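Just so we're aligned, residue 1 is where the sequence shown starts under UniProt numbering, counting upward by one.
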Amino acid sequence: MMSLSISPLNNRFSISIIFISFFIATLYSQKPLEHQKDMLQQYSGVWYSSIDAQTDSISANPLLRMTNIPTMDKSAMFVNVEQWEDGDYDPILSEFIGYDIKTNAIIATGQNGLGEMFHGEGSFSNPNNWHMEDTDMLDNKILLVDFKFYDQTDVLVTGTTPEHKELWSTRYVKQNPKDKNIGIQLVSVHKQMQLDPNKTLRLLDRFGYSFIETFVYKDRGFYGFSPSEFKKMVNDNHLKFKGSMTFYDLPKNGEDWDNALQWWANCIDDHLEAGVEYLTTSNTNLKNLDSLEELRAYCHYYNIIGKMCAEKGLKFAYHNHADEFLKIEGKTMYDFLLKNTDSEVVSFQADLYWMHVGKADPVDYLKAFPGRFFSWHVKDYQELGESGKMDFTRYFEYAGIAGLQYVVAEVEDYNFPPLFSVERAWSYLYYSIL
């Protein structure tokens, strides 16, 4: 998660600087889809046929279901197409589709429901248009297939004869499964949420995310919406609003304490109205502390906030960055926070990436403080699982002992457009980790 610690006296200025910095970083780090194998990955996931080619609405029992499972290296996928019949889906086509580095082409080999094998070859002319030409095993041309992607979750597939006579046209809408309860921190798609929150939430739902976590609580609302309005938008897109990162600095005197406690009381009520289950906070001031007594004051503050949340039925957690693994008076600050906060009301959200940056091994903490880490931010140095630096498989072996309930994907370092990277994050967690 990006570092945020905002003084109540300069919230507006601080947030503006953070958002501008984030926008600039995102603008210059992301790249367009340029390579055939990356464009192909849009086709991964679980797809259902729409009611007809003119709409992206699907019926209760769509006629066709297509399940495209990516390979580990994300250069190919296994495709299985099924048709609804007599109350169940029966297979009608299976194929393997992959990118061939020697020809820079997309190659397919498959079999239809009649037992006939076929071979296909083609390519993307751009991220939205893909053309394939199929031949039988006697090398006779049998079918031309064109794919038109309206977005990553909406594709029109048209089949024509070699003489270009249309045979069929089917529109598919992606709806990845949600049985593994994967969440997404909306900082990953912050620009998209600012431009079109409803569309962004719809895409996150189709990618397979079950819930969202925000970081933008301001003026008693979210992205300019009231708590009830935002909750409705989230729910209308088949997501749950479960977590929120919130920020109010440690009070310095009596008047500041009154203001702080009132702010937190309002914050808790607003999040309850929005249907949230847990709040988190973080602190970027730790590197400026000189003594354990100063750190103890933060522990006291977090205990108070945690108790306020618990009294209203909310969970509360502290979210780490890298500074927590610095030392004061010979003590690692993160250890001190864990030992000097009340485990009954203060949990911890382990940001695995920032632990790694701080040269800490997450497993050491998951084992030493069982049950304290109900939420994890799962982030990498680039798209999830692609830097080779983070041992997520090992970390998740300790999910049970940690008390993990909320798996929150986060992407802030992009090699691709953010929405593409965010879908890759879901795919990595769903197929490779959980």
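The C-beta atom is built at its ideal place from N, Cα and C for all residues, glycine as well.
From a predicted model like this one, the values you see are computed outputs, not experimental measurements.
- Glutamate 397 sits exposed, since fewer than 16 C-beta atoms from the chains shown fall within 10 Å of its C-beta.
- The segment 351 to 362 and the segment 374 to 382 touch, with no fewer than 3 CB-CB distances between them shorter than 8 angstroms.
- Between the alpha carbons of serine 50 and lysine 339 lies a gap of roughly 54 angstroms.
- Counting C-beta pairs with one atom in each stretch, the segment 209 to 224 and the segment 82 to 92 have fewer than three that are closer than 8 angstroms, which means they do not touch.
- Sequence-distant partners of methionine 137 (beyond 5 residues in either direction) whose C-beta falls short of 6 angstroms from its own C-beta, in its chain, are Met117.
- For glutamine 192, same chain residues with a beta-carbon under 6 angstroms away, outside a window of 5 residues either side, are Thr200 in chain order.
- Uninterrupted beta strand (DSSP E) stretches at least 3 residues long and entirely within the segment 228 to 260 occur at 240 to 245, given in chain order.
- When the beta-carbon positions are compared, asparagine 176 and tryptophan 426 come within less than 8 angstroms of each other.
- DSSP places asparagine 198 inside the alpha helix (DSSP H), whose first and last residues are 197 to 207.
- If you check the CB distance, glutamate 273 and serine 228 come in under 8 angstroms.
- In this model, serine 291 and glutamine 262 are separated by some 28 angstroms (Cα to Cα).
- By the Cβ criterion, the segment 31 to 43 is in contact with the segment 73 to 84, since at least three pairs of Cβ atoms, one from each stretch, lie closer than 8 angstroms.
- Between valine 216 and proline 418, the CB-CB gap reaches or exceeds 8 angstroms.
- By the Cβ-count criterion, serine 347 is buried, with 16 or more other Cβ atoms from all chains shown falling within 10 Å of its own Cβ.
- Arginine 424 is bridged by DSSP to nothing; it lacks a bridge partner.
- One Cα belongs to lysine 148, the other to asparagine 320, and the distance between them is close to 43 angstroms.
- Restricted to the segment 316 to 359, the alpha helix (DSSP H) segments that are unbroken, complete and at least 4 residues in length are 333 to 340 and 352 to 357, listed in chain order.
- Each residue's CA atom was taken as its position, placing methionine 233 and asparagine 266 some 21 angstroms apart.
- Ranked by how close their Cα comes to the Cα of glycine 120, the residues Glu95, Asn126, Lys102 and Asn129 have Glu95 in first place.
- Per DSSP, reduced to three states, the secondary structure at glutamate 85 is strand.
- DSSP, reduced to helix, strand and coil, places phenylalanine 225 within a strand of the structure shown.
- Taking every protein chain shown into account, the CB of tyrosine 150 has fewer than 16 other CB atoms within 10 angstroms, so this residue is exposed.
- Scanning Leu64, Tyr172 and Gly275 for the CA closest to the CA of threonine 55 turns up Tyr172.
- Judged by beta-carbon spacing, tyrosine 99 lies beyond the 8 angstroms limit of lysine 174, meaning their Cβ atoms are not closer than that value.
- Contact between asparagine 303 and threonine 341 holds, with the beta-carbon distance rounding to 6 angstroms and staying under 8 angstroms.
- Within the same chain, His131 come within 8 angstroms of serine 125 by CB-CB distance, once the 5 residues on both sides are set aside.
- Straight across, the Cα-Cα distance linking glutamine 83 with leucine 64 is about 5 angstroms.
- Per DSSP, the beta-bridge partners of glutamate 213 are Gln185 and Gly243.
- Straight through space, the alpha carbons of threonine 153 and asparagine 237 are spaced by roughly 14 angstroms.
- Assigned with DSSP and collapsed to three states, glutamine 111 falls in strand.
- Short of 7 angstroms from the beta carbon of lysine 178, and not among the five residues preceding or following it, lie these beta carbons of its own chain, in chain order: Gly208 and Ser210.
- DSSP links phenylalanine 124 through a beta bridge to Trp130.
- Using a Cβ distance threshold of 8 angstroms, tyrosine 395 and leucine 337 do not count as a contacting pair.
- Here the alpha carbon of alanine 368 sits roughly 33 angstroms from the alpha carbon of glutamate 423.
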